[in-house]
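Student: Just so we're aligned: 247 in our numbering is position 117 of the sequence shown, and the numbers increase by one with no gaps anywhere. Sharing a structure below in structure tokens format, with a few things to ask.
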Amino acid sequence: MPGIDECLLEAMLVPGARGASIVDWISGLALGTVGEAAGPDHETTAAETAEVARMATEYTAVVAQEPSMLGGDGGRDLDGGGTKPLKDDGLVVEDLIVTTRTCYHLVRFVDTTVDSSVFLHLWLDRDLGNLALARIRLQHLAEGLVLG
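If you want it as structure tokens, here you go:
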């Protein structure tokens, strides 16, 4: 099972990969980076990508509610707070894909036993990469990643 460095090196083997990082989406800090930065530097890219990840997990307009998640309280806490962030069998949001004219940004959430606050971010050249293959590879990398 690969650690952070091995996982990032394997992510860079995906055809068309330009850069990869593992980010704590709560703090916005990069735990590891490799390749080019999609923004001015890896730290800025990590912080900005974490904002997108938080948005995708916190807003009900983005996270489609499944009937099994809603329960008797309509998916809300008893005090009327936010929706439940996790299903019983794992994360609600598995991955995100952002496309531009020249590239893809893939964000794959890592389901951990502790707090599941980490994601893999792969910056992929649109002309050289294969989006479907990249999603499959990131899924396998996220499942095998050992943190700690």
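Ideal placement from N, C-alpha and C gives every residue a C-beta, glycine not left out.
Can you check DSSP and say which residues form a bridge with isoleucine 227?
Tutor: Within the sequence shown, residue 227 is the residue found at index 97, counting from 1. Per DSSP, Leu236.
Student: Which runs of the beta strand (DSSP E), 3 residues or longer, sit entirely within the stretch 140 to 196?
Tutor: If we require 3 residues or more, the beta strand (DSSP E) runs fully inside the stretch 140 to 196 come out as 147 to 154 and 159 to 165.
Student: Is the beta carbon of valine 144 less than 8 Å from the beta carbon of arginine 238?
Tutor: Numbered from 1 along the sequence shown, position 14 holds the residue referred to as residue 144. Numbered from 1 along the sequence shown, position 108 holds the residue referred to as residue 238. Their beta carbons are not under 8 Å apart, which means valine 144 does not touch arginine 238 by this criterion.
Student: Since glutamate 140 contacts leucine 271 with CB under 8 Å, what's their CB separation in whole angstroms?
Tutor: Translated into the one-based positions of the sequence shown, residue 140 becomes position 10. Translated into the one-based positions of the sequence shown, residue 271 becomes position 141. Sure, about 6 Å apart at Cβ, within 8 Å.
Student: According to DSSP, is aspartate 135 helix, strand or coil?
Tutor: For this step, residue 135 is matched to residue 5 along the sequence shown. Helix at aspartate 135.
Student: Please report the residue range of the alpha helix (DSSP H) in which leucine 268 lies.
Tutor: Counted from its first residue, the sequence shown places residue 268 at position 138. Its alpha helix (DSSP H) spans residues 261 to 274.
Student: Per DSSP, what kind of secondary structure is glycine 202 in: helix, strand or coil?
Tutor: Position 72 of the sequence shown, counting from 1, holds the residue named residue 202. Residue placement at glycine 202 is poorly supported in this model, since its pLDDT is 47, which falls under 50; the coordinates are not used for a value here.
Student: Taking 8 Å as the cut-off, decide whether the C-beta atoms of leucine 261 and tyrosine 234 are in contact.
Tutor: In the sequence shown, residue 261 corresponds to position 131, counting from 1. In the sequence shown, residue 234 corresponds to position 104, counting from 1. Yes.
Student: Just checking: is the beta-carbon of arginine 267 within a distance shorter than 8 Å of some beta-carbon in chain C?
Tutor: Given the protein chain composition of this structure (a single chain), no chain C is represented.
Student: Report the option in Thr230, Val222, Leu254 and Met142 whose CA atom is closest to the CA atom of valine 192.
Tutor: Looking up residue 192 in the sequence shown gives position 62. The option with the nearest alpha carbon to valine 192 is Val222.
Student: Spatial neighbours of alanine 177 within its chain, please: C-beta separation below 7 Å, excluding the five flanking residues on both sides.
Tutor: Sequence index remark: in the sequence shown, residue 177 carries index 47 (1-based). Only Gly158 meet the Cβ criterion.
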